[in-house]
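**Student:** The structure follows.
There are 2 protein chains.
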Amino acid sequence: MADKMTTKIRLLVLFNLFNYAMPSASTPATIGPADADTKEELHVLAQHKIDSLTILMLLGLLMLTILTIWLFKHKRLRFLHESGLSLIYGMIVGAVIKYTASNKCDSSPYVRLNGTAYYTAPNPPAAVYLKLPQSFNSSNLKEIKYDLWGEVSEDTIHCTGSLVRAVHAFSTKVTFDPEFFFNVLLPFIIFEAGYSMKRRHFFKNLGAIMAYAFIGTTISCVVVGGIMYGLTRFMKDIVKEFTLNDCFWFGAIISATDPVTILSIFSDLRADVDLFAFIFGESVLNDAVAIVLSSSVDSYRLKSNQEGFNANAFFLSIGNFAKIFLGAFGIGSALGCVNALISKFTKIRDFPLLETALLFLMSYMSFQACEAAELTGIVGILFCGITQAHYTYNNLSEESKHRTKQLFELMNFLAENFVFLYIGVSIFTFQYQYWHAGFIFASVFSIIVARFCNIYPLSLLLNIGRKNKIKTSFMHMMMFSGLRGAIAYALSIRNTATTAKKLMVSSTMFIVLITVILCGGLTTPMLQWLQIRVGVDEDVEMKNIKESRERDTEQIEQTPPKKKYDKAWLVSLWHNFDIKFMKPLLTNSTPNLMETLHPCCMPLSRLLTTEEQMTNPCVHIEADSDTDMIIDHRELSIGESISTVSHGATQDTDKHDITEDSLIDDNILGDLGHGQPMRLQINVPGPLGENV
Amino acid sequence: MADKMTTKIRLLVLFNLFNYAMPSASTPATIGPADADTKEELHVLAQHKIDSLTILMLLGLLMLTILTIWLFKHKRLRFLHESGLSLIYGMIVGAVIKYTASNKCDSSPYVRLNGTAYYTAPNPPAAVYLKLPQSFNSSNLKEIKYDLWGEVSEDTIHCTGSLVRAVHAFSTKVTFDPEFFFNVLLPFIIFEAGYSMKRRHFFKNLGAIMAYAFIGTTISCVVVGGIMYGLTRFMKDIVKEFTLNDCFWFGAIISATDPVTILSIFSDLRADVDLFAFIFGESVLNDAVAIVLSSSVDSYRLKSNQEGFNANAFFLSIGNFAKIFLGAFGIGSALGCVNALISKFTKIRDFPLLETALLFLMSYMSFQACEAAELTGIVGILFCGITQAHYTYNNLSEESKHRTKQLFELMNFLAENFVFLYIGVSIFTFQYQYWHAGFIFASVFSIIVARFCNIYPLSLLLNIGRKNKIKTSFMHMMMFSGLRGAIAYALSIRNTATTAKKLMVSSTMFIVLITVILCGGLTTPMLQWLQIRVGVDEDVEMKNIKESRERDTEQIEQTPPKKKYDKAWLVSLWHNFDIKFMKPLLTNSTPNLMETLHPCCMPLSRLLTTEEQMTNPCVHIEADSDTDMIIDHRELSIGESISTVSHGATQDTDKHDITEDSLIDDNILGDLGHGQPMRLQINVPGPLGENV
């Protein structure tokens with residue numbers, strides 16, 4: 292194998308000209324041991340200054356954005372959303388940087404190895420090693436490693452002037468760094484989504500959301516891939532760059548819709564809660580689906596490797612998809628549960644600072660743990676966020692509850708705006724992009740068609756099984772809400788090795804730009820035009836639901852429900868398990884494990900029940916995160932509440948057959964799910980901000 | 292000049308052997324255009340995984356630390372402080388990484404350029420350029436840039452095995468990165484110090500603190516430098532590496548004492564407030580002094596450049612010192628004031644999230660603005676923090692007040708612990724360190740002597756002018772509190788170009804280790820042994836002060852104070868300006884500018900007075916940050932309050948001569964400063980955490 296390689300990659304790189312350039316400024320006249328570090332120091336100092344300038348510029352932009360957001364909110368302007376605003380500010384600065392830095396150069400000391408090179412490997416080596424003498428007059432060699440920085444353009448070779456140099460270094464710095472995005476900014480955004488999720492509406496519509504996220508995104512990926520493959524066949528100049536695999540990869544990355552813009556408008560306007568849940572749920576889950584899909588396509592390519600369709604590799608990819616999704620789900624939830632257990636069984640709540648720090652770190656850890664295990668961190672941290680909100684939140688001290696909410700809200704806000712600014716700036720400064728009008732047109736066309744094929748057929752299909760039908764206006768709105776944002780962009784620039792990938796970068800940029808500014812700006816008019824309810828008051832909503840519930844339960848009392856196994860039985864089964872085992876185990880809620888578990892488990896139950904749970908039967912009931920998050924315990928346990936109502940008082944034991952007499956579908960879940968009328972009006976003290 | 296260089300640096304690097312290594316795993320059998328990106332992708336993936344593993348490990352350690360801290364707090368153990376704990380945990384992991392990664396290697400694709408090299412420049416070039424053909428059969432060349440990564444050790448050349456490879460990459464990753472420390476972690480720590488500073492005690496003892504910080508640190512720097520220069524003359528093996536300049540540089544960096552450990556113990560134990568102020572003030576300011584000193588020494592070296600003592604360069608360095616300090620002070624305070632103005636004149640307080648984000652960004656901006664202007668960010672952000680707390684805080688909405696306090700507290704906590712973990716880990720993994728027992732012994736000896744020469748003479752000198760003498764036990768405690776921490780460490784590893792610098796790294800590590808673990812652990816016994824008061828209750832303290840104040844004012848009423856200009860007149864002058872101009876201008880406090888300014892400025896005053904200030908005369912008085920921060924308005928305006936008491940009711944106008952009849956020294960400031968007895972007992976709701 293290794294021999295084969297050596298023959299294949301003829302390595303005849305001949306270097307015949309060297310020159311060693313020095314920085315022209317501040318060069319000492321004499322060179323002695325005491326000055327040995329001067330040049331390196333100057334290099335480090337210059338680097339530090341450029342870092343500072345970069346950060347400074349981004350901070351300034353971010354502040355400008357915040358002030359403009361405030362002005363817009365204050366004046367109640369909605370024609371441009373904050374993410375669009377960030378994008379535009381970023382672009383302006385990016386353009387300035389690009390066009391002032393046209394005469395690129397870099398005059399830190401370097402060795403230039405010119406010459407004829409017979410180097411046939413498709414990519415440059417990842418590192419270069421130089422052997423140099425240890426010191427002035429020593430024969431020991433030291434070996435210096437150089438890491439791949441990237442390709443430099445032709446006009447890099449000769450220039451002077453420290454300003455130009457600084458600007459050049461600057462323009463390479465402000466390029467969007469996908470590692471920073473994926474490792475730092477994205478986790479905050481997604482965790483906040485999970486932690487502050489209105490779980491009631493999310494779980495109520497879970498079936499539909501899963502359908503849109505999993506099936507819909509796959510449809511979108513396939514449709515985009517197919518159309519792009521078809522259309523690129525007609526583009527003579529780029530056709531040979533695109534394999535079918537490339538097209539599907541593009542389909543995968545461009546299918547990640549962005550929750551940020553639409554949702555904050557919905558949130559501001561208090562638009563219809565079900566529509567909110569659809570769009571929120573779809574966009575959050577579909578980011579993860581798109582990430583997993585694109586890496587599945589990648590691994591399929593690596594496996595099948597030019598051998599045409601390979602059934603084995605195809606199924607491996609599907610298996611891989613399932614593994615990645617379930618693995619990440621498992622890790623995320625498990626770490627959330629571990630945190631819940633720690634906060635339950637230690638008295639760490641006496642020190643809110645430590646408690647908050649622990650929650651923060653554990654959540655971030657779920658992300659990195661998934662990434663390290665080669666799963667997808669975004670799914671991990673999303674479910675960790677949900678678990679933390681569902682269990683750990685209940686164990687926190689009052690102070691930590693506020694702290695964590697406010698902290699994550701702020702982080703999310705900063706991260707979101709930063710991302711859009713960053714995208715804006717790097718649209719001009721990112722090096723690896725080829726613009727091709729035909730390709731961009733094809734991609735815009737394909738995503739519109741794909742969105743259409745995703746939303747309408749699925750909604751119609753879902754409506755067959757739903758009592759609470761998805762309205763046509765909702766479908767239109769969902770069609771319209773297919774904004775592409777940070778995830779799509781970051782995925783596209785993560786890999787820019789081939790021409791095909793570089794073409795994809797530019798069209799992704801274009802699509803992000805168009806959808807965020809155009810669709811984002813037109814959301815409010817669109818809502819009005821489609822006559823979708825805005826200004827929905829959760830409390831009033833709850834009252835209506837409660838009333839209709841009361842009417843319905845009266846009916847039910849007259850006509851006992853038919854036993855029927857429907858699609859929600861799994862959800863209900865889970866809910867029972869949650870109430871009987873998970874909540875008592877992981878939180879200080881009542882009833883405790885000693886009451887819910889079979890008496891034979893007594894010693895274990897006793898061990899796992901805190902004093903607080905035993906002595907204080909009503910503890911935390913009021914502050915339960917479900918109440919706080921506007922979710923209701925009985926939401927999903929219709930069977931339970933109905934049977935309580937219809938058959939009178941029942942015991943807590945022996946309800947394993949509870950699913951049998953449940954009557955759950957989305958509609959009834961929505962209308963009946965409120966056993967305790969007033970509970971939903973308990974609000975935690977302190978406003979929770981306006982950007983949830 | 293350039294020609295001279297070319298002849299001096301004979302560049303005859305001859306490469307006569309090349310080999311191109313490929314990753315052995317997952318190499319595709321055929322190489323076509325579709326696979327062109329495979330290798331690069333694998334490289335990116337591997338990189339991402341290593342990043343994740345690194346972060347994961349640090350997160351895990353941080354959580355372990357938090358849980359151990361909780362356990363220690365819970366069990367009331369104090370023999371080891373949290374920073375010591377982080378350090379130890381970090382070291383354990385660092386040792387494991389180091390000794391499992393002994394067989395270093397790196398097998399990403401690379402070009403190795405071996406051969407005899409006549410390369411006489413003292414440092415390797417900062418970059419290497421390779422020219423390669425654009426593609427398989429093209430004659431166009433593309434130029435690839437490679438950045439300096441560092442020196443690799445001899446055993447790097449041949450090895451396989453992905454685990455070993457990962458571990459190697461890992462051990463280079465977890466090395467403390469001074470840029471990350473200076474740009475990300477340090478700002479949080481210092482800002483929090485300024486923002487949560489108990490300004491009353493700080494300003495009361497400002498004279499003494501400034502003396503310790505400025506004069507004391509300079510003494511320390513000179514003493515350490517002198518002793519090290521003397522002692523290294525006896526170390527034959529390293530003597531020629533050390534110039535006098537190197538020694539002073541070491542003196543500067545090792546003089547940065549660390550506030551973290553001692554202060555949190557003091558805070559927990561509620562030790563004597565004056566001693567707290569001395570140690571806090573000294574350690575916060577002296578970090579900045581040390582940074583500025585070390586860069587002054589550097590610039591002195593660059594200027595004087597081997598020409599022996601150069602008076603011009605020496606005075607330039609002193610001028611530089613003043614410029615850096617005052618410039619940073621100016622930028623930091625100015626940005627704080629800008630934020631105060633924004634929060635006063637806009638209604639951004641209707642949106643606490645935006646308000647908090649703005650405060651956060653503006654504060655961080657003060658740091659980066661100073662760094663970009665080549666001043667010292669640490670001074671900038673410290674004074675920005677103080678300004679924010681003094682002015683902006685008063686304009687914030689109630690929610691933002693909580694948010695900002697909790698946010699910065701958490702950030703500070705995480706940053707502090709992370710720093711010590713990081714130091715612990717990198718003690719083993721940092722490459723550029725030479726250990727030399729004699730040098731370490733000399734440096735430990737010199738810092739003890741230097742600390743002695745700093746504290747005792749200065750304290751005795753200060754006591755001449757102070758009524759409230761610095762007790763001998765306080766001096767001993769301050770002598771003992773000279774812990775070295777993150778700043779010293781980060782400064783030392785920022786520059787490791789010469790052997791001298793590498794020796795300094797190892798002794799700084801050693802000193803940090805010893806002082807944090809030993810002195811940190813022994814703080815509580817030391818406080819007991821020196822019989823320093825602990826468990827001081829601020830409120831009780833205030834009551835006592837109030838009573839003694841009342842006694843004193845009675846005396847004053849009998850014997851009117853002599854007019855005397857003492858050292859605090861500047862402070863008093865400033866305070867008057869603050870009350871009459873700055874506070875009314877920058878906050879919504881009363882009296883407003885229309886009342887305090889001369890009537891001729893009426894149009895301007897009117898413009899700068901908000902409606903809130905005009906209509907609501909008592910607004911914000913209770914929530915003023917001075918109250919909140921346990922500081923008192925009248926603290927420094929003794930003249931004013933005394934005159935109010937002694938001469939009966941006075942008008943607000945025409946008090947420009949107020950300083951003339953003031954009777955201010957540290958003692959009276961402390962004892963008399965409380966015009967309104969009950970104000971200090973107003974506490975903001977919600978605990979402020981235990982780590983202030």
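These protein sequence lines are chains A and B, in that order.
Read in order, the letters of the first sequence are residues 292 to 983 in the numbering used here.
Read in order, the letters of the second sequence are residues 292 to 983 in the numbering used here.
Even for Gly, the Cβ is constructed at its ideal location relative to N, Cα and C.
1. Between A/Met382 and A/Gly715, is the Cβ-Cβ spacing less than 9 Å?
2. Counting C-beta neighbours from all protein chains within 10 Å, is the total for A/Cys891 16 or more, i.e. buried, or is it exposed?
3. Starting from the beta carbon of A/Phe541, find every residue of chain B whose beta carbon is closer than 7 Å, and list them in chain order.
4. Taking B/Thr647 as the query, report the chain A residues whose CB atoms sit under 7 Å from its CB, ordered along the chain.
5. So B/Ala663 contacts chain A; which residues on that side make the cut at Cβ distance below 8 Å?
6. Can you give the beta carbon distance from B/Ser797 to B/Trp726, rounded, assuming they're within the 8 Å contact cut?
7. Got a sec: which bits of the stretch 358-392 of chain B sit with their beta carbon under 9 Å from any beta carbon on chain A, in order along the chain?
8. Which residues, taken in chain order from the stretch 561-592 of chain B, show a beta carbon closer than 8 Å to some beta carbon of chain A?
9. In chain A, what lies closer than 9 Å to B/Met770 by C-beta?
10. Buried or exposed, going by whether 16 or more other CB atoms sit within 10 Å of the CB of B/Trp820?
11. Quick one: grab the DSSP three-state call for B/Thr548.
12. Specify the secondary structure class of A/Arg775 as computed by DSSP and reduced to three states.
13. Does DSSP put A/Pro478 in a helix, a strand or coil?
14. Can you list the residues of chain B that A/Thr637 reaches, using a CB-CB cut of under 7 Å?
15. Taking only the alpha-carbon atoms, compute the straight-line gap between A/Val564 and A/His492 and give it to the nearest angstrom.
16. Mind listing the chain B neighbours of A/Gly621? Cutoff is C-beta to C-beta under 8 Å, in chain order.
17. Taking buried to mean at least 16 other C-beta atoms within 10 Å of its own C-beta, is B/Asn603 buried or exposed?
18. Starting from the C-beta of A/Phe658, find all residues in its chain whose C-beta is less than 7 Å away, skip the five residues before and the five after it, and write them out in chain order.
19. Which chain A residues sit within Cβ distance under 9 Å of B/Met653?
20. Give the single residue among B/His866, B/Gln904, B/Phe868 and B/Leu895 whose Cα lies nearest to the Cα of B/Asn883.
21. Among residues of its own chain, excluding the 5 on either side of B/Val515, which ones have a beta-carbon nearer than 7 Å to its beta-carbon?
22. Give the range of the alpha helix (DSSP H) segment to which A/Phe704 is assigned.
23. Of the residues that make up the stretch 655-689 of chain A, which ones have a beta carbon closer than 7 Å to any beta carbon in chain B?
24. Would you call the stretch 501-519 of chain A and the stretch 472-486 of chain A touching, i.e. three or more CB-CB distances under 8 Å?
25. To the nearest angstrom, how far is the alpha carbon of B/Lys793 from that of B/Leu350?
26. For A/Glu639, which residues in the same chain have their Cβ closer than 6 Å to its Cβ, ignoring the five residues on either side in sequence?
27. Output, in chain order, the set of chain A residues within a Cβ distance shorter than 9 Å of B/Leu774.
28. So B/Leu650 contacts chain A; which residues on that side make the cut at Cβ distance below 8 Å?
29. Could you tell me which chain A residues have their CB closer than 7 Å to the CB of B/Leu705, listed as they occur along the chain?
30. Closer than 8 Å by C-beta to A/Leu535: which residues in its own chain qualify, once you throw out the five before and the five after it? Chain order, please.
31. Could you compute how far the alpha carbon of B/Ser587 sits from the alpha carbon of B/Val580?
32. Kindly list, in the order they appear in chain A, the residues whose Cβ is closer than 9 Å to that of B/Gln697.
33. In whole angstroms, what is the alpha-carbon distance linking B/Glu373 and A/Ser624?
34. Tell me the rounded alpha-carbon separation between B/Gly729 and A/Asn786.
35. Buried or exposed: where does B/Met893 fall if 16 or more other Cβ atoms within 10 Å of its Cβ makes it buried?
36. Quick one: using the 10 Å Cβ neighbour count with 16 as the cut-off for buried, is A/Gly756 buried or exposed?
**Tutor:** In brief:
1. yes
2. exposed
3. The premise fails here: A/Phe541 is roughly 14 Å from chain B at the closest Cβ pair, so nothing lies under 7 Å.
4. Leu701
5. Lys340, Ser343, Leu344 and Leu347
6. 5 Å
7. Leu358, Ile360, Trp361, Leu362, Lys364 and His365
8. Asp589 and Arg592
9. In chain order: nothing, as chain A lies at least about 31 Å away.
10. exposed
11. It is a strand residue.
12. strand
13. Taken through DSSP and simplified to helix, strand or coil, A/Pro478 comes out as helix.
14. Trp361
15. 7 Å
16. Within 8 Å Cβ-Cβ: nothing; A/Gly621 doesn't reach chain B, min ~16 Å.
17. exposed
18. Pro478, Gly668, Gly671 and Ile672
19. Here the neighbours are Leu350 and Met354.
20. B/Gln904
21. Phe541, Gly542, Ile545, Ser546, Ser737, Ile738 and Ala741
22. Glu689 to Thr720
23. Tyr655, Met656, Gln659, Ala660, Glu662, Ala663 and Glu665
24. no
25. In a straight line, the C-alpha of B/Lys793 is about 29 Å away from that of B/Leu350.
26. Glu is not the amino acid found at residue 639 of chain A; the sequence shown has Ile there. Result list for A/Ile639: Leu645 and Glu646, in chain order.
27. Result: empty, since nearest Cβ-Cβ is about 22 Å, beyond 9 Å.
28. Simply none; closest approach about 10 Å.
29. Those within 7 Å of B/Leu705 in chain A are Ala648.
30. Gly516 and Tyr520
31. 10 Å
32. Pro643, Leu644, Thr647, Glu690, His693, Arg694, Gln697 and Leu698
33. 29 Å
34. 52 Å
35. With fewer than 16 other beta carbons inside 10 angstroms of its own, B/Met893 counts as exposed.
36. exposed
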